[in-house]
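Chemist: Structure provided below as structure tokens; questions to follow.
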Amino acid sequence: MKNIFKTFIAAVLVTGFVSCDEDQDLKFLSPDASFTILTPQSGEGVVLSPATTSNPGLVLTWTDMDYGTPTQVTYTVEAIANGSTWENPIAIATTTNTFISIDSGTLNNAALAAGLPPFTAAGMDIRIKSSIGAPAAQDAYSNVITYIVTSFSNELPRLAVVGNHQGWAPDAADVPELASAGFGQTNYEGWVWLDGEYKFLMPDGSGNYAWGNTDYGDDGTFTGMLKETDEVNAMAAAPGYYLVRANTGLLTYSATMANWGIIGSATPTGWDSDTDMVWDPATQTWSVTMDLLGGQFIKFRANDDWGLNYGDNGADGSAEEGGSDIPVANGGNYTITLDLSNPRAYTYTLQQN
Numbered sequence: 006m007k008n009i010f011k012t013f014i015a016a017v018l019v020t021g022f023v024s025c026d027e028d029q030d031l032k033f034l035s036p037d038a039s040f041t042i043l044t045p046q047s048g049e050g051v052v053l054s055p056a057t058t059s060n061p062g063l064v065l066t067w068t069d070m071d072y073g074t075p076t077q078v079t080y081t082v083e084a085i086a087n088g089s090t091w092e093n094p095i096a097i098a099t100t101t102n103t104f105i106s107i108d109s110g111t112l113n114n115a116a117l118a119a120g121l122p123p124f125t126a127a128g129m130d131i132r133i134k135s136s137i138g139a140p141a142a143q144d145a146y147s148n149v150i151t152y153i154v155t156s157f158s159n160e161l162p163r164l165a166v167v168g169n170h171q172g173w174a175p176d177a178a179d180v181p182e183l184a185s186a187g188f189g190q191t192n193y194e195g196w197v198w199l200d201g202e203y204k205f206l207m208p209d210g211s212g213n214y215a216w217g218n219t220d221y222g223d224d225g226t227f228t229g230m231l232k233e234t235d236e237v238n239a240m241a242a243a244p245g246y247y248l249v250r251a252n253t254g255l256l257t258y259s260a261t262m263a264n265w266g267i268i269g270s271a272t273p274t275g276w277d278s279d280t281d282m283v284w285d286p287a288t289q290t291w292s293v294t295m296d297l298l299g300g301q302f303i304k305f306r307a308n309d310d311w312g313l314n315y316g317d318n319g320a321d322g323s324a325e326e327g328g329s330d331i332p333v334a335n336g337g338n339y340t341i342t343l344d345l346s347n348p349r350a351y352t353y354t355l356q357q358n
């Protein structure tokens, strides 16, 4: 009796599966092992530019992934730096087509996120992941191509100033930095509160500061000359806020201490003398609260002298060395703040009280 019952159940199951297959109510998806990127070919590449971020940076085509039955497939373009592992790939874009055009800006962001160095031709490994949703086992991958990308960055190269002023801690989150004028240029500058001895420290390839990286000090003459080996620590003349400049190509450096003030036709003393600002170490800014005349102008001036001053060439809140006079639209009491903590990106605010 038991054998007759088992035979009956088996027959019902077989009949049921055949019936479902005929009605196409039940489908078994068995994905192929892979599919293929058609274009571009490995070794092709692109030079990206900040002036053309909307232009195509990468145009991909590939064969369709066959899951054995008609179904919508989602494709994701993934990338890593050449030679890296696929443990945490960068997902660049997604489509349901078998082609995609990725603009230069998106590709550049992906290249930087993958760790490709800017302004250097470097390989980016690219593959396509196909998916039809859950379960994850249905994901499949194309072959891998290597696309040669020359990316760009709007971040200026940096150089840390490590020393007594911050406890000789190169990995501190607030380590003061200098910025160069641009990639490939070796002239760095920035504002740093100095107190005693200090050195200049280069970042490693990942942008981290640590002892063992290239560092520079004084050549021992204390005449503004840098040295990479057998150097000594540079020395601030006195505790204070300094404009620090270093040129790792010319091997020179300078540190100019400054106390800031406001001068101009909008101030009580006009263009004849400064109104001193006060340094706030907590916010790393200079500020003063004072009355200003409307329809007049101000500038920021260091050490009661025109040798170093900041204005604003674009009336946009940025402070440029030797820049244009800053207009004051309305008269009244203002809190004026000068922020020099971000190297080569100095700013100010005029807040009417």
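For what it's worth, our numbering labels the leading residue of the sequence shown as 6, then goes sequentially.
A virtual CB, placed ideally from N, CA and C, is assigned to each residue, including glycine.
#1: Provide the residue span of the beta strand (DSSP E) that contains Leu-112, from first to last.
#2: Rounding to the nearest angstrom, what Cα-Cα distance links Ser-89 and Asn-213 in this structure?
#3: Pair every Cβ in the stretch 251-271 with every Cβ in the stretch 230-238, then say whether three or more of these pairs are closer than 8 angstroms.
#4: Should Tyr-247 and Leu-313 be called a contact, given that it needs their Cβ atoms to be closer than 8 angstroms?
#5: May I ask which residues mark the beginning and end of the beta strand (DSSP E) holding Phe-124?
#6: Does the distance from the C-beta atom of Asp-130 to that of Ile-95 stay below 8 angstroms?
#7: So, Val-166 versus Leu-183, is the Cβ gap smaller than 8 angstroms?
#8: Considering Cα atoms alone, identify which of Gly-195, Phe-188 and Gln-190 is closest to Val-180.
#9: Spell out the partners DSSP gives Tyr-193 in its beta bridges.
#10: Thr-257 by DSSP, collapsed to three states: which one?
#11: Going by beta carbon distance, what residues of the same chain come within less than 8 angstroms of Thr-79, once the five residues before and after it are set aside?
#12: What number of angstroms, rounded off, separates the C-alpha of Phe-104 from the C-alpha of Tyr-258?
#13: Would a C-beta distance cut-off of 8 angstroms place Thr-44 and Thr-66 closer than the cut-off?
#14: Within 10 angstroms of the Cβ of Phe-40, are there 16 or more other Cβ atoms? Answer buried if so, exposed if not.
#15: CA-CA distance, Val-52 and Ser-156?
#16: With a threshold of 6 angstroms on Cβ separation, who are the neighbours of Ala-127 within its own chain once the five nearest residues in sequence on each side are excluded?
#17: Does the Cβ of Asn-264 lie closer than 7 angstroms to at least one heavy atom of the ligand FAD?
#18: Going by CA-CA distance only, name the one from Gln-289, Ala-116, Trp-311 and Tyr-339 that's closest to Thr-352.
#19: If you follow the beta strand (DSSP E) that Pro-332 is part of, which residue opens it and which one closes it?
#20: Tell me whether the beta-carbon of Gln-301 lies closer than 8 angstroms to the beta-carbon of Ser-270.
#21: Is it buried or exposed for Ala-260, if we count other Cβ within 10 angstroms and need 16 for buried?
#22: From Lys-204, Ala-186, Asp-144 and Gly-189, pick the residue whose C-alpha is nearest to that of His-170; which is it?
#23: Who does Phe-157 pair with in a DSSP beta bridge?
#24: Since Leu-164 sits in a beta bridge, which residues does DSSP pair it with?
#25: Express the C-alpha separation of Asp-296 and Asn-338 in angstroms, rounding to a whole number.
#26: With a CB to CB cut of under 8 angstroms and the five nearest residues on each side skipped, what residues in its chain are close to Trp-276?
Modeler: In short, the structure shows the following:
#1: Position 107 of the sequence shown, counted from the first residue, corresponds to residue 112. Per DSSP, Leu-112 belongs to no beta strand (DSSP E); it is in the alpha helix (DSSP H), 109-119.
#2: Taking the first residue of the sequence shown as position 1, residue 89 is located at position 84. Taking the first residue of the sequence shown as position 1, residue 213 is located at position 208. The alpha-carbon atoms of Ser-89 and Asn-213 are separated by roughly 19 angstroms.
#3: Judged by Cβ distances under 8 angstroms, the stretch 251-271 makes contact with the stretch 230-238, as three or more pairs qualify.
#4: Walking along the sequence shown from the start, residue 247 turns up at place 242. Walking along the sequence shown from the start, residue 313 turns up at place 308. Remark: C-beta atoms of Tyr-247 and Leu-313 do not approach each other more closely than 8 angstroms.
#5: On the sequence shown, position 119 is the one that residue 124 refers to. Boundaries cannot be given for Phe-124, as no beta strand (DSSP E) includes it and DSSP labels it neither H nor E.
#6: Residue mapping note: residue 130 aligns to position 125 of the sequence shown, counting from 1. Residue mapping note: residue 95 aligns to position 90 of the sequence shown, counting from 1. No, Cβ-Cβ distance for Asp-130 and Ile-95 is not below 8 angstroms.
#7: As a position in the sequence shown, residue 166 is number 161, starting the count at 1. As a position in the sequence shown, residue 183 is number 178, starting the count at 1. Against a cut-off of 8 angstroms, the Cβ pair of Leu-183 and Val-166 comes out as a contact.
#8: Taking the first residue of the sequence shown as 1, we reach residue 180 at position 175. Relative to Val-180, the option among Gly-195, Phe-188 and Gln-190 whose CA is nearest is Gly-195.
#9: In the sequence shown, the residue the question calls residue 193 occupies position 188. DSSP output for Tyr-193 lists Ser-185 and Ala-251 as bridge partner(s).
#10: In the sequence shown, counting from the first residue as 1, residue 257 sits at position 252. Residue state, collapsed to three classes: strand.
#11: Indexing the sequence shown from 1 puts residue 79 at position 74. Counting only Cβ-Cβ distances below 8 angstroms, and skipping sequence neighbours, we find Thr-99, Thr-100, Thr-101, Ser-135, Ser-136, Ile-137 and Gly-138.
#12: Stepping through the sequence shown from its first residue, residue 104 is reached at position 99. Stepping through the sequence shown from its first residue, residue 258 is reached at position 253. Note on geometry: alpha-carbon atoms of Phe-104 and Tyr-258 lie some 53 angstroms from one another.
#13: Residue numbering aside, residue 44 sits at position 39 when the sequence shown is read from its first letter. Residue numbering aside, residue 66 sits at position 61 when the sequence shown is read from its first letter. Judged by beta-carbon spacing, Thr-66 lies within the 8 angstroms limit of Thr-44, meaning their Cβ atoms are closer than that value.
#14: Within the sequence shown, numbered from 1, the residue matching residue 40 stands at position 35. Buried: at least 16 other Cβ atoms inside 10 Å.
#15: Taking the first residue of the sequence shown as position 1, residue 52 is located at position 47. Taking the first residue of the sequence shown as position 1, residue 156 is located at position 151. Cα-Cα distance, rounded: 7 angstroms.
#16: As a first step, residue 127 is located in the sequence shown; it is residue number 122 there, counting from the start. Contacts found: Leu-121.
#17: No copy of the ligand FAD occurs in the structure displayed, which carries no ligand at all.
#18: Against the sequence shown, residue 352 aligns to sequence position 347. Ranked by Cα distance from Thr-352, the options Gln-289, Ala-116, Trp-311 and Tyr-339 are led by Gln-289.
#19: Position 327 of the sequence shown, counted from the start, is the residue given in the question as residue 332. Segment 331-333, the beta strand (DSSP E) holding Pro-332.
#20: Walking along the sequence shown from the start, residue 301 turns up at place 296. Walking along the sequence shown from the start, residue 270 turns up at place 265. In contact: Gln-301 and Ser-270 (Cβ atoms closer than 8 angstroms).
#21: Along the sequence shown, read from residue 1 onward, the residue named residue 260 stands at position 255. Classification of Ala-260: buried, given that the 10 Å Cβ count is 16 or more.
#22: What you label residue 170 is simply residue 165 of the sequence shown in a count that begins at 1. Of the candidates Lys-204, Ala-186, Asp-144 and Gly-189, the residue whose Cα lies closest to the Cα of His-170 is Lys-204.
#23: Sequence index remark: in the sequence shown, residue 157 carries index 152 (1-based). Looking at the DSSP assignment, Phe-157 forms no beta bridge with any residue, so it has no partner.
#24: For the purposes of this step, residue 164 is taken as residue 159 along the sequence shown, with counting starting at 1. Leu-164 pairs with Leu-183.
#25: Within the sequence shown, residue 338 is the residue found at index 333, counting from 1. Within the sequence shown, residue 296 is the residue found at index 291, counting from 1. Roughly 4 angstroms between the two C-alpha positions.
#26: Looking up residue 276 in the sequence shown gives position 271. Cβ neighbours of Trp-276 beyond the five flanking positions: Ile-268, Gly-269 and Ser-270.
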